[in-house]
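Notes follow the structure.
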Amino acid sequence: MIKKVLHDLLRSGAGYEEDERHGAGLRALAWGAVALALMLAWWLWGRSGFFEAHLAPRHWEAAAVDYWAAMYQFASAFVLWFAVPLLLRRPLGLGDVRELGLGAGDVKLGVVLALAGVILVAIPGGFVAAGMSDMRVTYPLARSAFDTPSRAVAYELAYGLLYYVAWESFYRGFLQLGLARRLGNVSAILLQVTATTLMHLDKPAGEIWTAFFAGFIFGFLVLRLRSVWPLFLIHWALGVFTDVFCAWRAGLGVFG
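Numbering (numbering that gives the first Met the number 0), first residue to last: 0 to 255.
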């Protein structure tokens with residue numbers, strides 16, 4: 000039964016055969032090139048290190064630079080991975096926002112999976128991650144984020160509503176579903192997994208492998224759900240609980 004479900008999902012790239020007759024290869028190449036450029040732009044100029052080296056005022060204290068560098072990283076991801084693709088989706092022929100997973104999709108199944116993912120994956124996953132020394136060194140990205148409760152809340156909201164919205168919309172939505180109509184679901188999933196794994200190469204080894212396997216799981220789920228939002232909620236929750244448990248174990252800020 001599982002084999003049949005996966006087979007049907009992988010063959011369900013709507014419009015794939017029709018697009019093949021109308022220059023799908025060129026459109027796929029154009030969107031692939033733009034997507035790669037957006038990923039490179041974020042990697043080179045959108046991360047916290049760039050802010051710290053080139054944009055942070057010299058008179059700022061270290062805690063302020065640390066905090067706002069992370070905020071800059073979240074905001075740049077939102078601009079490059081959400082706002083720009085949203086503006087370019089029509090010129091690049093990416094289709095309607097619902098076809099890109101930005102609609103409601105299967106709401107009932109999405110709610111069930113989101114709740115199950117938060118309870119069974121995000122909470123225990125964050126706790127386990129906090130037990131690893133390399134994860135505690137890495138998270139939270141801004142060590143000063145937990146200096147006060149209000150700062151921690153603002154940080155985690157920005158983490159989700161800017162960074163994780165952009166991540167799931169771009170990689171599982173614009174990239175995977177946008178290419179699936181032209182290349183088919185198998186190729187689109189493989190490209191998405193490759194991209195999301197490579198974007199984790201500066202992370203701890205455990206997180207790299209988690210990104211690799213999660214890329215396949217989330218890739219199949221977005222085909223079934225036709226929406227990135229349940230995946231966004233799971234991913235955001237995992238990020239929040241990882242931050243909280245790591246900050247707690249490390250005795251940062253309010254936990255010190």
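Don't be surprised by glycine CBs; every beta carbon is placed ideally from N, CA and C.
Computed from a predicted model, the values in this text were never measured in an experiment.
With a 10 Å radius around the Cβ and a threshold of 16 neighbouring Cβ atoms, A204 comes out exposed. In this structure, the CA atom of Y158 is about 13 Å from the CA atom of E167. Inclusion of L99 and R89 in the CB contact set at 8 Å is not warranted, their separation being larger than that value. When rounded, the separation of the alpha-carbon atoms in G102 and S226 is 6 Å.
Counting only residues of its own chain and dropping the five nearest sequence neighbours on each side, L93 has a CB closer than 8 Å to the CB of W30, P84, L87, L99, F173, G177. Under a 10 Å Cβ-count criterion, D201 is classified as exposed, with fewer than 16 other Cβ atoms of the shown protein chains found around its own Cβ.
For E98, no alpha helix (DSSP H) segment is defined, and its DSSP state is neither H nor E. For F126, the enclosing alpha helix (DSSP H) stretches over residues 122-129. A residue is called buried once 16 or more other Cβ atoms fall within 10 Å of its Cβ, and A151 is buried on that count. The C-alpha of A74 lies about 14 Å from the C-alpha of L140.
With distances taken between CA atoms, L156 lies nearest to V239 out of V239, A62, E51.
Take M134, set aside five residues on each side of it, and the residues of its chain with a beta-carbon closer than 8 Å to its own are A128, P203, G205, E206, T241, C245, in chain order. DSSP, reduced to helix, strand and coil, places P56 outside both helices and strands of the structure shown, so it counts as coil. Secondary structure at M38: helix, using DSSP grouped into helix, strand and coil. Taking every protein chain shown into account, the CB of H234 has 16 or more other CB atoms within 10 angstroms, so this residue is buried.
R97 counts as exposed, since fewer than 16 other C-beta atoms from the protein chains shown sit within 10 angstroms of its C-beta.
In this structure the stretch 32-43 does not lie against the stretch 106-126, because fewer than three pairs of beta carbons, one per stretch, are closer than 8 Å. The same chain holds no residue with a CB closer than 7 Å to that of G48 once the five nearest residues on each side in sequence are set aside. Residue state for D242 is assigned as helix, using DSSP reduced to three classes.
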